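Enquirer:
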Amino acid sequence: MLTASIVVPAVASAALLAFPRERERLARWFAFGVSLVPLTLVIVAWVRFEGGPGFEMVESARWIPSIGVTYQVGVDGLSLPLVALTALLFSASIVFPVDLRGRARQYYAAFMFLEAASLGLFLALDLILFFVFFDLSLVGMYFLIAIWGHGNAHRSALKFFVYTLVGSLALLLGILGIYLNSGDPATFDMIEIIRTQPLPASGLASALIFWAIAFGFMVKTPLAPFHTWLPPAHVDAPAPASTILAGVLLKMGTYGFVRILLQMMPETFDRFALPIGVIAVVSIVYGALVAMAQTNLKRLIAYTSVNHMGYVILGVAVAATLGAEPGARSIALTGATIEMVAHGLITGAMFLLTGSVLARAETYEMGDLGGLASKAPALTGATMVAAFASLGLPGLAGFVAEFQIFAGTLAVYPWLAGIGLLGIVITAALFLRMLQQVFLGPLPERWSSWTDLGRRELAALVPMLALVVVIGIIPAWLVDVIDTASRFMTGG
Amino acid sequence: MIVAVLFWVFSAVAVVTGWLVFRTDSMVRAAYWLMASFVSVGGILILVGSDFLGLILILMMAGEMTIMAIFMVMFMMNPAGLNPMTMVHQHRTAIVSGAGAFLALAAVGLLAEFPDRPVAAGVDATVELGVELLGESMLVFETAGVALLAVMIGSVALVSKNGRYGPADEGSVEPTLEVEES
Amino acid sequence: MPGMGAQMVEFLAEIRPELILAAGGIVVLLVALFTPRRIQSWIAGGAAAVLAAAGAYAVADLADPPGLTFFDTLAADGPGRWATLLLVVTALLVIVLSVEWFAADARQGEYYFLIVFGTLGAVLLAGAADLMEMILAMMLSSVTGYTLAAFHRRSRSSSEAGMKYFLIGALANGAMVYGVALLFGVGGTTTFTGLGAGLADADPLALAAGFGLVVVGLAFKIGATPLHQWVPDVAEGAPAPAAAFLMIVGKVGGLVFLARWVSVLADAPLGWRALVALLAAVTMTLGNLVALRQDDVRRLLGWSAVSQAGYGLLAVVAIGRSSLAVPALLMFLFAYTLGTLAVFGVVVELRGLTDRFAYRGLARFHPWLAAALLIGFLSFVGIPPLGGFAAKLLLMGAVIEAGYAWLAVLTVVNSAISLVYYLRVLAPSYLETTESAQPVLGRKAGWAVAVAAVG
Amino acid sequence: MTIWLPIVLPLLGSGLILALRRRRGLVGPVALTAIAAAVIAALATALSESSTTWSWGGGIELGLSVVDAGRIMVVLVPVVALAVVAYAVSSMSEDRALARLLALLTGFVAAMELLVMAADLLTLLIGWELVGAASWALIGHDWENPGSSSSAKEAFVATRFGDLGLYIAAGAAFAATGGFGYEALASTSDRAWLGVVAGGVIVAAAAKSAQLPFSPWLFSAMAGPTPVSALLHSATMVAAGAYALIRLQPALSAVPWFGPVVVALGLVTALAGGLVAYAQTDFKKALAGSTSAQYGLMLLATGAGFTAAGMGQLTAHAFFKALLFLGAGVALHATGTLDLGKLALGRALPRVAVLFGVGAAALAAVPPLGAAFTKEAVLAAAVDSGMWVGIGAVVAGVLSALYASRLHLLGYGPGDRTGSEQGPRVLEIAALSLLALLTLGLGLLWAPGGEEILQELTGGDLAEGKPWELAVSLGGIVTAFAFTWMLWRRGSLLSGGFPERMRRFVAGWYGIPSAAKHLVVDPILNLSRAASKGDRSIVDRMVGTVAASATWLSDGLRRGMETWIDSVAMAFGGGTLRTAEASREVDETGVDGVLVEGLAAAIAYGGEQSRRTQTGMSHHYYTVIVIGGLVAIILALIWR
Amino acid sequence: MTLEALLVVAAALFGIGLYGALSQQSFVMIMMGLELMINGAILAIVAFWWGSTGGNPEGQLLVVVAMAVMAIEAAIGFALVTNVYRVRKADITEKLRKLKG
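Residue numbers (the numbering used here), protein chains in the order written: chain A, 1 to 492; chain B, 493 to 674; chain C, 675 to 1129; chain D, 1130 to 1769; chain E, 1770 to 1870.
Structure below.
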C-alpha cells in the first residue's frame, strides 16, 4: 500500500510526459487526481496505524542482496505525519495556479516525480533507498526552479543543486561509514541498524561519520551558516515549488537528523548534542534577525524558515541528550516533529500567498505594497492566520510545536532555551511589521484594481490553514501519534 | 679478453652514434647514425651469445633505416634531405630529462640487487627461442602476428592514395552540420 | 614435445571469443576487399555478426571457474570475462553508431576490421597474465586506436588527433618496454605466476623503476595522468563513433589488467597502493577542473573521461584490501561504458554537433536525445538510481574500507564540481530554446539501447 | 461542561457577528446577548465552582477551574464587558467596521475568560497570548491610519516580551513537576525551579499590568477607540497580570523573595504612575497613568500576601475605571478633543458629570464607596508588611485623590462650555449608569460582615485594619481635594503646579519610552540590519578566500609546469598578469557575492589555469610525461 | 663485460633516445629517438637474459617482442606522418596545435 503511494505518482509523471501536446487543464486535473491517491492512502494508513514502538506496515523486497541493499518501506509515529504533510502539500501546490510558460505537461510531470521522491524518502527504511530519494528530490526541484522560476532562476537553481549535492554526498560518505561498521554481513537495513546500534559510542570513526551526516543534513535543513542557498532558491522559485521546498524538502534534513543520527547513533549524538543545540539556537536568533531586516517579502519568509528549522533541531538536540530526564526529551522531540508539520503547513501557505502577491503585483518588495486589506480581505485574512501561526500564537499549530520544544529544552539546556526565546519576540515584531507594511495603512493608487484570491488559490490554501487551526486547538490527535515514536526513541 | 674489448668498442660506438643522431643536421645522416647504433647493439647481442637475435636486429635495422632514408628524401622535399637544418626545441628540458633518465636507470643498474644467475654455457639460444616461440609462448607469438597485420592494414588505409574505387580518402570526413532535416 | 598439439587444441577451446574475433576480423577484411562499393556498409553487419558470436561465447564462458590458460599467459577469470563481454557490447553499439557516420567513406571495410581487432586487443589486454602478452595486446589496441582516431583522412583535426595519440603512445610504450625489461631482470620471468614469487623479495629500487615505467604505459592506456593529454584531443578530433570506442576500450582493458597486475604485487616491497591513489586523485581533479570551462561538448566529454579514469583507479587502490574492490571496478566500467555510449550516441546522432550553445532547445525538438544526455550525465555525476551511483557507492565504500577515506572525500568534491559542467551542457538543452531543430542522422538505435541499459 | 460556556458563548457570538456583518442592525443586539449569556453562564460556573480537564496530547492533561478569586473574576469580566459593549454599540454605530470591533470585543472576552479559568500555566499562557493578540487587533482597529497600526504593534511586542516570562515559567513548571498544574506547583519541593516560575510570572504580570518598566505601552494602547481602552484597562488585558499574581500567590509565596519583589514593584509603580496621571494633560493618558498606579496598589497588596485586598481593589477598580474611560469617551465624542485644558464639560453634560464624579470619587477612594474600603484594605496590607511601605501606600493614596479630583475638575468641572455639544445617547448613559451603580453598590462592603464576604469570595484574607489608617487616608484625601481646588481656582491646575519641562518629563513616563527605544529597539534593529548585510558579506569573504587560495594553488601548479615548458621569465611575466586577472576575479565574485557562484568561479579559475597545461604541443606533453614518470618511480620507491 | 656495464650502456641509449624525443621538432626525428629508447630496452633485456635469469628463453622472446614494438611503431608512425603531412602540411609538432585547452 505504501509502495503504491510512491509508484503511482512516478508512473503518472512518465504518463504526463507521454501526453499528447499541451492540454493544460487536462494535465492539471490528471496530476491533481493522481496526487489524491497518496493522500487517501496516507489517510487509510493513519487510520490503521496502531502506534506501537517501531515500524508498521513494513513492505520489503530483495533489491541488491549482494551488498545488503533491500527495498523496504514502512511508517512510524515520526514519518507518518510527515508523509501525510507531503501528500497534502503536493495536492495543494498542484491546484495552485502558476505561470506555466506553455510547458504544462513537463511542469506537472516534474511535480509528480518530486512527489514520488519525497514520499519515498519519508517511507524508506533502507539507507540506500533513502539516499536515492534524497538525491532524486534535488533533480526534480532543480528543474522546477530552473525552468519555471523567475528572476535569476538558472543561477539560483544551479546553486541549490550543487550546494545540496555536496551535502548529500557528505551524507553518502556517512552512510557508507555506517554500512561498513554495520557488522557482518554489512547491511543498509535501517530497522536492523536501529536494532543493533552497531556504531561504538566513542572513537574517531563514529565522530567523523556523525559529522559527515550532520553536515549533509545541516545543509539541507538548513542551519546557519549553511543556509545561503535557501533565500535565492526561494525567491526565484515559482510559488508552489517554494511551498514544496520549504514544506517538504527542508523536512528531509530534519527528518534525517532524527531517523539516522538520533536513532542509529544516539551515544555519538549525545556527545555532540550541545554543539548541535548551539548551532540550532544560533540559527533561531540569526534567522529571525536577518529576516527582520528584509524588504523582500519572500526573502523574509525564507529566513524565517531558517529560524523555524532552528527550533526543530534544538528539540532534536535536547532529545539526544541521554543524561536528561526522559519526559523532557520526549516532549522536546514531539515538539520538534510537530514543528516540522506545522512549519510545512504554515510556511507552505505563506509561500503560496507570496505567489498570489507576485501574480498581482509582479514584485516582492514590501515597500511598494500596502493597504491591501481593503481590496483583498481573503488574502489578508489568510496571511494573518499564517503569520500569527508562524509567530507562535496559541490556538494555531506553531505554538503547540514551539511551546513543547521550549518546555523540553528549558529542563535540559535552560540557557539555550532562554536565548532561543528571544526569537519568538523578534518573529512577532517582524511579522507584525510585514502585515503592517503589506496590508495595513493607506492603499497606494496603483493597486486600486487589486483582485482578491481566486477560487483555485482558496482551494489550495483553505485546507492547509484549516489544519493549522485544528492542530492549534485540538493537538491531541497529532501529538499522540507522534508521541508513540518519540517515547520509543527517548525511552520516555 | 677480446670479448671485453669488443664489448667496450661496440658500446662506445652505440652510444656515440646514438648521440650523433641528434647532432647531425641532415635527416638522412641521422638515419644512418641510428642504423650504426643499432648495428653495434646487435654486435653486443652476438657477444653475449644470442647470435640469432643480434643478426635479426642488424638486418632489420639496416632495412628499416634504408627505408627511412628514402622516405626522408621523398617526403621531406629537400634534395636527399642533405640541406643543413637544426630543428630543436626546449633543448634545456630535453637535456635535463635525458640525463635524468640515464642517471636514474644507470643507478638502477649499478645499485640494484639482481639475482646472479648467468646463462649456462653452451646452450643453443636459437633453438630455445624456437621452442619458446612455438611452445609456451605460442599466444604471444600469435598476438604479435595479429598486431603486425593490423598495422599493415592500418597504415595502408591511412596512406594509400588511390584505393579500390578511385581516390582512397574520398568522403572521409565528418558529416556536415548543414543538412536539411531528414 | 608429445601431446603439445592436443594441449594447444584445448587451450584454443578456452579462448573461443578471442579466436572468433581474430578469425572473424580477417574474414571481414577479406570480404571488404572484394565487395562492391555500394554495399560496403553491409560489412558492418558482418562485423556485428562476428562480435555477436564472440559475445555469445563470452556469455557462455561466464560461468566457468577462473583459471589460467596458454601456459599462464592468459587469465580466464571473472573480471576478464566480464570485460570481454563489455568490450564486445561496446563494439557492437559503436558499429551501430558508425553505419551512417561513415556511409560516405570509401574504405569503411578497414574501419570495421580495425574495430574488431581493436576489441580483440583490449580483450587480450584485459585477460593478459603475462607482461609480454600485455605489451603486444597493448600494441594491438594502440595501433588500431591510432588508425581509428585518424580515420577521417581528409579531416584536419582527425589527423592531428591520430598523430598526437601516436606520439604519446609511442613514448609510453618505449618506457613500458624498458620497465618490463627491469621487471624481467628482477623477477626472472614475465608470467604473473612466476613474478608473484619472483618479486616477493626483489630489489626495491629496480622494482620501483620497473613498476613505475609499466604504470606509465598503463596510464596512457586508461587515459590517466600524466598521460591523459591524448584523451580530449581524440574525443574532439577523432570520428565521433571511433572516439566513443577509444574512450571506452582502453579503460576497460587497462583497468582490468592493472587490477590483476597489482594483485600480483600484493606482497612485493613496493608502494604501489599509495602511487595509484595519488594518480587517481590527480587524475580526477585535473580532469574535472579542466572540463569546467569547455564549451566544446566533445572535448568536455574527453576531459570528463579523464576524471572518470581517476574514479576507476579508486577500485584499483582498494584491490586486496576490500572485498568491494572488484565489484566496484566492474560496476564502474559498466556504468561508464553505457553512459559514454549514450552521450556520444547523442553527439553522433546530432551529426557531431559539439558547440554547447548549439544544444539549445534540444529537449523541445529531440526529447529522447535530451533524455539520453540527461541520464548519461547524471549517471556520470552519480545521481541515483542510475548506474553511476551504484558505481560511486561501491568505489567509495571500497576505498574507505581500504583506509583511503580522503580519496572518498575528494571524490565527493569532484562529483560536485563535475555536476557544474554537465549542467552547463544540460542547461541550454533543457532551459533555453530556439526556433530551429538540430539536424540528425537517421538511426537512433545506439543511444536508445544504451539509455535503456543505464541504471 | 458548563464551564466551557463562558468561553464558547462569546466565541459563538463573535462568529455570528462576523457572519452577519452586512446586517448592521443586528450585530449590536447579537453582541449584547452573547455577553449577557456569558454573564449568566459565568455566574453558574462561579456558584458551582465547577472544573474540568482536557487532553493536550502526549499524556499532558490541562485543566479549567473556577475557584477562589476566579469566581469573582469570571463574572467580573463579562459584566464590565457588557457595559462597555453597550456603549460601543451606540457610540460607534457610524463606524463602518463596527461589526469587526464587536466581534473582536466578544472574542476578547472569550480569551480573557479562558485566562481566568485556567488551572495550569499552559492554559494560562494560551489565554494570555490570545488576549495580547486580540488587543493588537483592537488597538489597531483603525488600521488605515499607519499610526494606530504601528502603536498596536508596539503594544503587542512590548507585552509579548513579558510573555516570555510566562513561557519560561511554564517550562520551569514542567521541569519541576512534569506538568503545568497550579496544584502540583504548590506542592513541589523544587525551590530552584519554583523560583524560576515566580520570576517568570512576575515579569509577565508586570508587562501585562503595565508596571514599571513596561508601563508606557499603555499609552500606545490609547490609539484604540475608547471602548477598547475601557475594557483593556478595567477588567481584561491589564487586569490579567494582577489576577495571575493573585491566583498564583499561594503557590509562589513559598519563594522567599516573591512577596518583597512584588510589593516593591507595586509600590514604585503606584507612586510613579500616580505622578504621571497627575501630570498628564491628555484625558485618556492621564487615566492610563492612574491605571498603572492602581494596579501597583493591587500588586502591593498581593505581594504583602493579602490577596483578598488585591482582588477587592481589582474589582472596584474594574468598575470605576471602565466608567471613567467611558466618561472620557463621551467627552471626546462631544468635543472632539481629549486635551484636559479644553474640556470642563460640567455645564454642558451635567448628567455625565455626575456619573463621572462617582467614578472619580471611587478613584479617590472616598468613603463610603467600595473602592475606599478596598483601598483601606490595601493600606492595611501595606502597613502590615512594613512601616515604610505603609507610608508609601498613604502617599500613593494621596496621589490618587489628587489626580482623581484634578481629572474631574478639568474634565467635568464647571466650565464655559454650554449644552451646545452633542450629548450621549440613551444606551451610553445606561452603560455609564450601570457601571456607576456597581461602583456604588460595592459600598455595601462597608456594611458589617463585608470583610468576611470579601475573604470568603476571594478565598484570600485581609490584613487587620487599624482605625488611624482610615483617619490618615481621609485626611490625605481632604488635603488633596483642597489642594487641587486651590490650584483650580488659580487656573494652574492643568500644569498641576509643575514647571512645564518637568511636567512633560513626568507625563512622558520619565523618558522610559525613548530610553527603551535607544537601549532596546534600535540596537536590535541595527543588529538585524548588520546581520542581513553580514549574511552576504561574510559569504563574500569566504568566497574571496576560497578564490584566492584556488588561484594560488593553480597559479603555483601552472608556474611549476611552465618553468619547465617555457622560460622562467615568461612564467614570471605571465604570473603577474594572471595574478592581476585573479584579483579581478576575486573582486567580481566578491561583488557578486554568493557562495556557490563564488566557489564555482574560484574552481573554474583553477580550471582555466589547468587548461594551460594542455598547450596542444606534443613536446610539452612529453615533458609532463617524463616528470610524471620520474615522480611515479620515486613515489613507488619511498611510499612502501 | 658485466651485467652492470651492459645496463649502464642500455641506460645511456635510453637516455639519449629520450633526449632526442624531447628535443626534436620533426616527427621523424622524434620517432628516431623513440627507436633508440627501445634499442636501449633491448640491450637491457638481453643483459638480464644473459646475467640474471639463467638464460630464461622468455628473455629472448621478449627481445623479439621489443623488436615487434619497434617495427609496429615505425610503420604506423610513418603512415600517420604521411597522412598528417598530406592534410595539414605539418612536419613538426609546433604545427599541430589546433586541438588544445
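Every residue gets a Cβ at the ideal spot worked out from N, C-alpha and C, and that includes glycine.
Computed from a prediction, not measured in an experiment: that's the story for all the values here.
Spell out whether any CB of chain A is found under 8 angstroms from the CB atom of Leu-1254(D).
Expert: Chain A, which has a Cβ nearer than 8 angstroms to the Cβ of Leu-1254(D), makes this yes.
Enquirer: Give me whichever residues DSSP pairs with Ser-202(A) in a beta bridge.
Expert: In the DSSP output, where bridge partners are listed per residue, Ser-202(A) has none listed.
Enquirer: Please work out which residues of its chain come closer than 6 angstroms, Cβ to Cβ, to Gly-355(A), disregarding the five sequence neighbours upstream and downstream, and give them in chain order.
Expert: Cβ within range, chain order: Ala-239.
Enquirer: Between the region 703 to 721 of chain C and chain B, which residues of the former have a C-beta closer than 8 angstroms to a C-beta of the latter?
Expert: Within the region 703 to 721 of chain C, the residues whose Cβ lies closer than 8 angstroms to some Cβ of chain B are Leu-703, Leu-707, Arg-711, listed in chain order.
Enquirer: Would you list the one or two residues that DSSP bridges to Gly-654(B)?
Expert: A quick correction: the sequence has Asn, not Gly, at residue 654(B). In the DSSP output, where bridge partners are listed per residue, Asn-654(B) has Pro-659(B).
Enquirer: Go ahead and pull the three-state DSSP assignment for Asn-296(A).
Expert: Of the three classes helix, strand and coil, the one that applies to Asn-296(A) here is strand, per DSSP.
Enquirer: Helix, strand or coil: how does DSSP classify Ile-424(A) here?
Expert: DSSP places Ile-424(A) in helix when its eight states are reduced to three.
Enquirer: Closest Cβ-Cβ distance between Met-806(C) and chain E: below 8 angstroms?
Expert: With 8 angstroms as the cut-off, Met-806(C) counts as an interface residue toward chain E.
Enquirer: Starting from the C-beta of Ala-1266(D), find all residues in its chain whose C-beta is less than 6 angstroms away, skip the five residues before and the five after it, and write them out in chain order.
Expert: Leu-1233.
Enquirer: Is it right to say Glu-605(B) is buried, meaning 16 or more other beta carbons lie within 10 angstroms of its own, or is it exposed?
Expert: Exposed, since its Cβ has fewer than 16 Cβ neighbours within 10 Å.
Enquirer: Do Ser-288(A) and Ile-426(A) have their C-beta atoms within less than 8 angstroms of each other?
Expert: With the sequence shown as reference, residue 288(A) is identified as Ala, and Ser is not the correct amino acid for it. Result yes, Cβ atoms of Ala-288(A) and Ile-426(A) sit closer than 8 angstroms.
Enquirer: State the beta-bridge partners of Val-75(A) as determined by DSSP.
Expert: According to DSSP, which records beta bridges pairwise, Val-75(A) is partnered with Glu-56(A).
Enquirer: Return no unless some Cβ of chain C is closer than 8 angstroms to the Cβ of Ala-1733(D).
Expert: It does; some Cβ of chain C falls within 8 angstroms.
Enquirer: Kindly give me the distance between the Cβ atoms of Ala-378(A) and Leu-458(A), rounded to whole angstroms, as I take these residues to be in contact under 8 angstroms.
Expert: Confirmed, Cβ separation roughly 7 angstroms.
Enquirer: Taking Cβ-Cβ distances shorter than 7 angstroms, what residues in chain E pair up with Ser-833(C)?
Expert: Per Cβ cutoff of 7 angstroms: Asn-1852, Val-1853, Val-1856, Arg-1857.
Enquirer: Starting from the beta carbon of Leu-158(A), find every residue of chain C whose beta carbon is closer than 8 angstroms, and list them in chain order.
Expert: Near Leu-158(A) (Cβ distances below 8 angstroms), the residues of chain C are Val-1094, Leu-1097, Ala-1101.
Enquirer: If you measure from the beta carbon of Val-1760(D) to each beta carbon in chain E, is any gap under 8 angstroms?
Expert: No, Val-1760(D) does not count as interfacial toward chain E.
Enquirer: Kindly indicate which three-state DSSP category Thr-509(B) falls into: helix, strand or coil?
Expert: If DSSP states are grouped into helix, strand and coil, Thr-509(B) belongs with the helices.
Enquirer: Spatial neighbours of Ala-912(C) within its chain, please: CB distance less than 7 angstroms, with the 5 preceding and 5 following residues excluded, ordered by chain position.
Expert: Excluding positions up to five away in sequence, the list reads Leu-822, Ala-823, Ser-832, Ala-835, Leu-920.
Enquirer: Less than 8 angstroms between the C-beta atoms of Met-630(B) and Met-813(C), yes or no?
Expert: In this structure, Met-813(C) does not lie closer than 8 angstroms to Met-630(B) by Cβ.
Enquirer: Would you mind telling me which residues of chain A sit closer than 8 angstroms to Val-1286(D), beta carbon to beta carbon, in chain order?
Expert: Ordered by position in chain A, the residues that pass the 8 angstroms Cβ test against Val-1286(D) are Val-425, Ala-428, Ala-429, Leu-432.
Enquirer: Express the C-alpha separation of Val-768(C) and Leu-1015(C) in angstroms, rounding to a whole number.
Expert: Their Cα atoms are separated by approximately 8 angstroms.
Enquirer: Excluding the 5 residues preceding and the 5 following Leu-1259(D) in the sequence, name in chain order all residues of the same chain whose CB lies nearer than 6 angstroms to its CB.
Expert: So the qualifying residues of the chain are Ala-1240.
Enquirer: Is the Cβ-Cβ distance between Leu-892(C) and Gly-928(C) less than 8 angstroms?
Expert: Taking 8 angstroms as the Cβ cut-off, Leu-892(C) and Gly-928(C) qualify as a contacting pair.
Enquirer: Measure the CB-CB distance between Ala-728(C) and Val-926(C) and report whether it falls below 8 angstroms.
Expert: No, they are not a contact pair.
Enquirer: Would you call Ile-1183(D) buried or exposed, if buried means 16 or more other Cβ atoms sit within 10 Å of its Cβ?
Expert: As written in the sequence, residue 1183(D) is Trp, which differs from the Ile given in the question. Classification of Trp-1183(D): exposed, given that the 10 Å Cβ count is below 16.
Enquirer: Pairing CB atoms from the region 291 to 308 of chain A with CB atoms from the region 336 to 348 of chain A, are three or more of them under 8 angstroms?
Expert: The region 291 to 308 of chain A vs the region 336 to 348 of chain A: in contact.
Enquirer: Put Gln-1793(E) into one of helix, strand or coil per three-state DSSP.
Expert: In the structure shown, Gln-1793(E) sits in a strand (DSSP, three-state: E or B).
Enquirer: Could you round the C-beta distance between Pro-1058(C) and Asp-135(A) to whole angstroms and report it? I think they count as a contact, below 8 angstroms.
Expert: Indeed they touch by this definition, with Cβ atoms about 5 angstroms apart.
Enquirer: Is any beta-carbon of chain C found at less than 8 angstroms from that of Ile-1841(E)?
Expert: Yes, because at least one Cβ of chain C sits closer than 8 angstroms to the Cβ of Ile-1841(E).
Enquirer: How many Å lie between Gly-1542(D) and Asp-1411(D) at the Cα?
Expert: Straight-line Cα distance between these residues: approximately 16 angstroms.
Enquirer: Please tell me whether Ala-1751(D) has its Cβ less than 8 angstroms away from any Cβ of chain A.
Expert: Checking the displayed sequence, the identity of residue 1751(D) turns out to be Tyr instead of Ala. False, the Cβ-Cβ gap to chain A never drops below 8 angstroms.
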